[in-house]
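Peer 1: Counting from 1, one number per residue, gives the positions in the sequence shown under UniProt numbering.
Cβ atoms here follow ideal geometry from the backbone N, Cα and C, with glycine treated the same way.
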Amino acid sequence: MDPRSEVLLRQAELFTGQVLLAGLPADDLLAALPDAIGWSWHAGEQATLQARFPERSRFGTTPPETPFETAVLFLPKSRELTDYLLQALAARLAGKSLYLVGEKRAGVERAAKQLATYGTPRKLDSARHCQLWQVQVEQAPAVPVLEDLAQRYELPLADGPLQVVTLPGVFSHGRLDAGSALLLEHLDDLPAGPLLDFGCGAGVLGAVLKRRYPASPLLMLDVDAFALASSRLTLAANGLDAELIAGDGIHAAPTGLAAIVSNPPFHQGVHTDYQASETLLRDAARFLRPGGELRLVANSFLKYPPLIEQHLGPCATLAERQGFRIYRARRSS
């Protein structure tokens, strides 16, 4: 059981009836609270919850329409995302209780101050290096429009400016990160055929790929519902189209790809996690057609070339700058 869930269950009498668990972990909490429903924006956790508790959790960027009498927010990493989620929940809870649970090292005490917008926050419990806070929603806000919270910027490129739209909680919100900037300079000569932007985030790489290779079908995959929503907005802002896939890793992608392009993710919550990236390197050959190519950017301290060469083929370093390297490898035909 996740320690945040354990803290919640220490006060189980507060969570009977119609409770919405927002951002819940994929553990046994729904079994312990049989009348609760979940709301997840993490595709992997949602898949686990759906398999174990069919129809009891929803995936997306807005709360489910199912009625609820109280809600618990499991603290996310981003303060901007926390603001949006609290507002979205408080808008449905006028005169009712809204709870916040999170790890101390994730900043739950700081985040609890954000509850003061809606009433007087109270700390109810502290255990397992976590805290549980509650607020009675006295000032219910208007329902937030997620797109109104987007940050937009223009990326100057050789073939014309690209409009980028990012939402709260999405990697590199409101700016282009150094790794992606380097990779954008090294997207030439990709094989013709279906292209996958793995870990698409705000959709910068995918949008550039679609504009540069318009005849190649584009797929964009991410574990996070807010990232997929950002990619959808970025594509629309540039008059482009792609197939968006919600999935926890490369195994959610189709086979027969001509190329996989990625600034692979390695953070999950407050923890550093390389699993999705390393699984991509180990299994990319299964999803690439013969002659298909993996091209990615990674921190130069990560020992990726031996892993790539073991599972895919010879790995070339195309560029290095600001602590990042561009790697290319092809599946043998």
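In three-state terms, what does DSSP make of Ile326?
Peer 2: strand
Peer 1: Assign Tyr84 to one of three DSSP states: helix, strand, or coil.
Peer 2: helix
Peer 1: Look at Val165 and Leu155 and say whether their C-beta atoms are less than 8 Å apart.
Peer 2: no
Peer 1: Quick one: grab the DSSP three-state call for Asp248.
Peer 2: The answer is coil: DSSP assigns Asp248 none of H, G, I, E or B.
Peer 1: Please state the DSSP three-state secondary structure of Asp283.
Peer 2: If DSSP states are grouped into helix, strand and coil, Asp283 belongs with the helices.
Peer 1: Tell me, please, whether the segment 233-250 touches the segment 170-178 by the rule of three or more beta-carbon pairs shorter than 8 Å.
Peer 2: no
Peer 1: Once DSSP output is grouped into helix, strand and coil, what is the label at Pro305?
Peer 2: helix
Peer 1: Which of the three DSSP states, helix, strand or coil, is assigned to Arg56?
Peer 2: coil
Peer 1: For Leu146, which residues from the same chain have a beta carbon less than 6 Å from its beta carbon, with the 5 sequence-adjacent residues on both sides left out?
Peer 2: Thr61
Peer 1: Classify His271 as helix, strand or coil using the three-state DSSP reduction.
Peer 2: Residue placement at His271 is flagged as unreliable, the pLDDT there being 44, under the threshold of 50; a coordinate-derived value is accordingly withheld.
Peer 1: So the candidates are Gln11, Val135, Phe74; which of them puts its Cα closest to the Cα of Gly38?
Peer 2: Phe74
Peer 1: I'd like to know whether the C-beta atoms of Lys210 and Leu218 end up nearer to each other than 8 Å.
Peer 2: yes
Peer 1: Spatial neighbours of Ile76 within its chain, please: C-beta separation below 8 Å, excluding the five flanking residues on both sides.
Peer 2: In the sequence on display, residue 76 carries Pro and not Ile. Closer than 8 Å at the Cβ level, and outside the excluded window around Pro76, lie Gly23, Thr82, Leu85, Gly169, Gly269.
Peer 1: Taking the alpha carbon of Leu30 as the reference point, which residue from Gly44, Ala43, Pro54 has its own alpha carbon closest?
Peer 2: Pro54
Peer 1: Helix, strand or coil for Lys104? Go by DSSP, reduced to three states.
Peer 2: helix
Peer 1: Below 8 Å on the Cβ atoms is my guess for Leu253 versus Leu196; work out the distance and round it to an integer in Å.
Peer 2: In the sequence as displayed, the identity of residue 253 is Ala instead of Leu. Going by Cβ atoms, the distance from Ala253 to Leu196 rounds to 6 Å, so yes, they are a contact pair.
Peer 1: Who are the Cβ neighbours of Thr279 in its own chain at under 8 Å, not counting the five residues just before and after it?
Peer 2: Gly249, Ile250, His251
Peer 1: Taking the DSSP output, what are the residues bridged to Asp224?
Peer 2: In the DSSP secondary-structure assignment, Asp224 is bridged to His42.
Peer 1: How far does the alpha helix (DSSP H) with Val204 in it extend, from its first residue to its last?
Peer 2: 204-212
Peer 1: Per DSSP, Ser262 forms a beta bridge with which residues?
Peer 2: Phe198, Leu296
Peer 1: List the residues that DSSP assigns as beta-bridge partners of Gln134.
Peer 2: Gln134 is bridged by DSSP to Tyr99, Arg122.
Peer 1: Using a 10 Å radius around the Cβ and a threshold of 16 neighbouring Cβ atoms, would you call Gln134 buried or exposed?
Peer 2: Buried, by the Cβ-count rule.
Peer 1: Can you give me the Cβ contacts of Asn299 inside the same chain, cut-off strictly under 7 Å, excluding the 5 residues immediately before and after it?
Peer 2: Gly323, Phe324
Peer 1: Counting Cβ pairs closer than 8 Å, one from the segment 97-105 and one from the segment 125-142, do we hit at least three?
Peer 2: These segments touch.
Peer 1: For Arg4, report the span of its alpha helix (DSSP H) as first-last.
Peer 2: Segment 3-9, the alpha helix (DSSP H) holding Arg4.
Peer 1: Per DSSP, which one or two residues make a beta bridge with Gln163?
Peer 2: Beta-bridge analysis with DSSP links Gln163 to Glu154.
Peer 1: Would you be able to state if there are at least three C-beta pairs under 8 Å between the segment 40-47 and the segment 13-27?
Peer 2: yes
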